[in-house]
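*Asks:* Convert by adding 451 to the 1-based position in the sequence shown; the result is the number in the numbering used here.
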Amino acid sequence: MIFLFLTSGLFLGWTLGANDAANVFGSAVGSRMVSFTRAAVIASIFVILGAVLQGAGASETLGRLGTVNAMGGSFTVALAAALTVYFMTRAGLPVSTTQAIVGAIIGWNFFTNNAIDTQTLTQIVATWITGPVLGALFAYVLYHLVKITRRRIRTHLLKYESWLRFGLMIAGAFGAYSLGANNIANVMGVFVPSIALETTDFGIFTLTGPQQLFFLGAIAIAAGILTYSRKVMQTVGANLLELSSEAAFVVVLSQALVLFIFSSSALSGLMVKIGLPPIPLVPVSSTQVVVGSVLGIGLYKGVRNINLKVLGGIASGWITTPVAAGVLAFLLLFFVKNLFGIDVGHSFNPPASTGEGISTAMIIRYSIPALLAVTAAYLVYLVLSEKKKTERLNKEYYK
452 MIFLFLTSGL FLGWTLGAND AANVFGSAVG SRMVSFTRAA VIASIFVILG AVLQGAGASE
512 TLGRLGTVNA MGGSFTVALA AALTVYFMTR AGLPVSTTQA IVGAIIGWNF FTNNAIDTQT
572 LTQIVATWIT GPVLGALFAY VLYHLVKITR RRIRTHLLKY ESWLRFGLMI AGAFGAYSLG
632 ANNIANVMGV FVPSIALETT DFGIFTLTGP QQLFFLGAIA IAAGILTYSR KVMQTVGANL
692 LELSSEAAFV VVLSQALVLF IFSSSALSGL MVKIGLPPIP LVPVSSTQVV VGSVLGIGLY
752 KGVRNINLKV LGGIASGWIT TPVAAGVLAF LLLFFVKNLF GIDVGHSFNP PASTGEGIST
812 AMIIRYSIPA LLAVTAAYLV YLVLSEKKKT ERLNKEYYK
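1) For the pair the segment 601-612 and the segment 705-717, tell me if three or more CB-CB distances fall below 8 Å.
2) Look at the alpha carbon of PHE487 and the alpha carbon of ARG681, and state the distance between them as a whole number of angstroms.
3) By a C-beta neighbour count over all protein chains shown, 10 Å radius and 16 as the cutoff for buried, is SER459 buried or exposed?
4) Considering only C-alpha positions, which residue in the set GLY481, SER478, ALA533, GLY506 is nearest to GLN662?
5) Tell me where the alpha helix (DSSP H) around ILE493 begins and ends.
6) Please report how far the alpha carbon of PRO820 lies from the alpha carbon of PHE665, in whole angstroms.
7) Going along the chain, which residues of its own chain have a beta-carbon closer than 6 Å to the beta-carbon of PHE456, five neighbours each way excluded?
8) Between the segment 615-626 and the segment 528-541, are three or more C-beta pairs nearer than 8 Å?
9) Is the Cβ-Cβ distance between MET684 and VAL492 less than 8 Å?
10) What is the DSSP secondary structure of ASP471, reduced to helix, strand or coil?
11) For THR657, which beta-bridge partners are listed by DSSP?
12) Beta-carbon separation of LEU534 and LEU779 under 8 Å?
13) Under 8 Å, with one C-beta from each stretch per pair, do the segment 511-522 and the segment 563-578 reach the 3-pair mark?
14) Need the endpoints of the alpha helix (DSSP H) that SER629 sits in, please.
15) Would you mind reading off the limits of the alpha helix (DSSP H) that contains LEU708?
16) In angstroms, rounded to a whole number, what distance separates the CA positions of GLY640 and THR772?
17) Under 8 Å: do the segment 588-608 and the segment 466-477 share three or more Cβ pairs, one atom per stretch?
18) Tell me the rounded alpha-carbon separation between ILE621 and ILE676.
19) Does the separation of the CB atoms of SER736 and GLY508 fall below 8 Å?
20) At the level of alpha carbons, what is the spacing between TYR679 and LEU619?
21) Let me check understanding here. Comparing Cα to Cα, which of ALA590, VAL733, ASN560 lies closest to LEU630?
22) Output the distance between the C-alpha atoms of GLY792 and VAL528, rounded to the nearest integer angstrom.
23) Measuring alpha carbon to alpha carbon, tell me which residue in GLY586, VAL723, TYR537 is nearest GLY749.
24) Ignore the nearest five residues each way along the sequence and tell me which others in LEU461's own chain have a CB closer than 6 Å to its CB.
25) Rounded to the nearest angstrom, what separates ILE814 and ASN560 at their Cα positions?
26) Start and end of the alpha helix (DSSP H) containing LEU746?
Encoded structure:
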């Protein structure tokens with residue numbers, strides 16, 4: 452039964468992977484510095500690691516916006532957000548999964564007459580402004596530093612391109628990790644209050660119930676990346692702004708830095724220790740951040756280089772996404788409650804241990820070691836293949 456209710460969250464994870472992988476590797480793929488297959492595999496591995504290791508902070512914040520404490524409500528909220536993102540993704544338009552889930556949760560609050568935590572909502576909405584602004588700022592500064600470094604370092608063009616290609620893969624891995632850490636809240640955050648899974652002990656480490664949910668959600672994100680992200684990658688990477696390899700590297704790194712800032716508990720705690728306000732751990736729209744980063748590059752080069760038509764289409768999606776998700780969630784909640792008699796908004800206290808929980812733990816117990824082994828093997832493969840490719844290009848150039 453638990454897996455049945457989780458299907459909408461897994462679907463939402465799939466749509467996030469299909470759409471938001473473009474925010475990690477779209478610029479690199481669009482500039483043809485990294486192949487789609489390689490980008491998809493790297494993003495899939497590191498988004499899982501980020502979700503499991505660092506996904507709790509943003510999920511707690513999203514839970515304060517609306518504690519969806521019935522599995523039927525969690526299922527419906529996630530389904531409304533997933534459908535909203537899916538249809539906009541089908542149109543090739545990058546949309547914000549964060550805004551979709553926020554709109555759906557607010558729709559649930561209205562339907563169940565639950566109060567909205569305005570302070571949490573303000574923190575989340577504020578990132579819709581600060582996210583792209585920080586992305587643009589980081590991109591502008593980093594792009595300037597890259598240009599200075601390029602002028603001072605005199606090296607062969609092929610070797611420089613090889614360094615950039617490897618840098619894009621490293622930055623993309625960091626970006627995927629940050630995406631998983633920050634945006635897993637959008638996928639599984641609404642299920643944390645209503646689904647209790649036992650902590651699983653692996654000997655050298657343990658996974659809490661929420662971490663197990665994050666792992667399943669991250670697997671769904673990886674599936675979306677591998678199966679349906681190519682079209683949106685091409686939209687972000689090629690249509691919005693013609694990116695050089697240097698600009699692609701800067702965009703990926705800027706996006707990764709912003710998402711990491713808003714998902715790092717350690718960094719937030721450090722701010723408190725030095726007497727500064729803590730950084731809010733909130734789910735950030737990676738779409739907005741990457742568009743802000745691309746805009747920062749465009750401002751450095753000159754506004755004439757930006758495709759304003761595509762930018763306007765993306766901006767309109769930011770407005771329609773939360774509204775559409777909220778309305779759809781309200782309507783779906785009505786049908787789920789009145790036609791199927793499923794509880795969508797009352798207190799739900801599941802037993803500490805169920806058959807489904809044990810099954811989930813078993814799946815995760817055997818999946819994680821395999822994932823770690825595949826990750827190590829693939830990283831070794833990347834290093835060796837990149838070295839061979841550089842040697843081959845050098846031989847062809849000097850012939």
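Glycine included, each C-beta is placed from N, C-alpha and C at the ideal position.
*Replies:* Short version:
1) no
2) As a working note, residue 487 is residue 36 in the sequence shown. As a working note, residue 681 is residue 230 in the sequence shown. Answer to the nearest angstrom: the Cα atoms are 7 Å apart.
3) Looking up residue 459 in the sequence shown gives position 8. That one is buried.
4) Here residue 662 is taken as the residue at index 211 of the sequence shown, counted from 1. The residue with the shortest Cα to Cα distance from GLN662 is GLY506.
5) Taking the sequence shown and counting its residues from 1, the one referred to as residue 493 is at position 42. Counting along the chain, the alpha helix (DSSP H) containing ILE493 begins and ends at 487-505.
6) On the sequence shown, residue 820 is found 369 positions in, with the first residue counted as 1. On the sequence shown, residue 665 is found 214 positions in, with the first residue counted as 1. With a pLDDT of 48 at PRO820, under the threshold of 50, the modelled position of that residue is not reliable, and no figure is offered here.
7) Within the sequence shown, the letter at position 5 stands for residue 456. Only MET522, PHE526 meet the Cβ criterion.
8) no
9) For this step, residue 684 is matched to residue 233 along the sequence shown. For this step, residue 492 is matched to residue 41 along the sequence shown. For MET684 and VAL492, no; Cβs fall outside 8 Å.
10) For this step, residue 471 is matched to residue 20 along the sequence shown. If DSSP states are grouped into helix, strand and coil, ASP471 belongs with the helices.
11) The residue given as residue 657 occupies position 206 in the sequence shown. In the DSSP output, where bridge partners are listed per residue, THR657 has ASP652.
12) On the sequence shown, residue 534 is found 83 positions in, with the first residue counted as 1. On the sequence shown, residue 779 is found 328 positions in, with the first residue counted as 1. Against a cut-off of 8 Å, the Cβ pair of LEU779 and LEU534 comes out as a contact.
13) yes
14) Reading the sequence shown from its first residue, position 178 is the one you call residue 629. Element bounds for SER629: 608-639.
15) If you number the sequence shown from 1, residue 708 lands on position 257. Note, LEU708: alpha helix (DSSP H), 696-712.
16) Along the sequence shown, read from residue 1 onward, the residue named residue 640 stands at position 189. Along the sequence shown, read from residue 1 onward, the residue named residue 772 stands at position 321. Each residue's Cα considered, the two are about 19 Å apart.
17) no
18) For this step, residue 621 is matched to residue 170 along the sequence shown. For this step, residue 676 is matched to residue 225 along the sequence shown. Near 18 Å, if we compare the C-alpha coordinates of ILE676 and ILE621.
19) One-based indexing of the sequence shown puts residue 736 at position 285. One-based indexing of the sequence shown puts residue 508 at position 57. Cβ distance not < 8 Å, so SER736 and GLY508 don't count as in contact.
20) Taking the first residue of the sequence shown as 1, we reach residue 679 at position 228. Taking the first residue of the sequence shown as 1, we reach residue 619 at position 168. Distance between the alpha carbons of TYR679 and LEU619 is about 21 Å.
21) What you label residue 630 is simply residue 179 of the sequence shown in a count that begins at 1. For LEU630, the nearest C-alpha among the options comes from VAL733.
22) What you label residue 792 is simply residue 341 of the sequence shown in a count that begins at 1. What you label residue 528 is simply residue 77 of the sequence shown in a count that begins at 1. If I take the Cα positions, the gap works out to 16 Å.
23) Counting from one through the sequence shown, the residue named residue 749 turns up at place 298. Of the candidates GLY586, VAL723, TYR537, the one whose C-alpha sits nearest the C-alpha of GLY749 is GLY586.
24) The residue you call residue 461 lines up with position 10 of the sequence shown. Within the same chain, Cβ atoms closer than 6 Å to the Cβ of LEU461 are found at ALA671, the five residues on either side in sequence being excluded.
25) Start at 1 with the first residue of the sequence shown, and residue 814 comes out as number 363. Start at 1 with the first residue of the sequence shown, and residue 560 comes out as number 109. Residue placement at ILE814 cannot be trusted, given a pLDDT of 43 that sits under 50; what the coordinates show is reported in the next sentence. Straight-line Cα distance between these residues: approximately 33 Å.
26) Residue 746 sits at position 295 when you count from the first residue of the sequence shown. For LEU746, the uninterrupted alpha helix (DSSP H) run begins and ends at 737-752, by DSSP.
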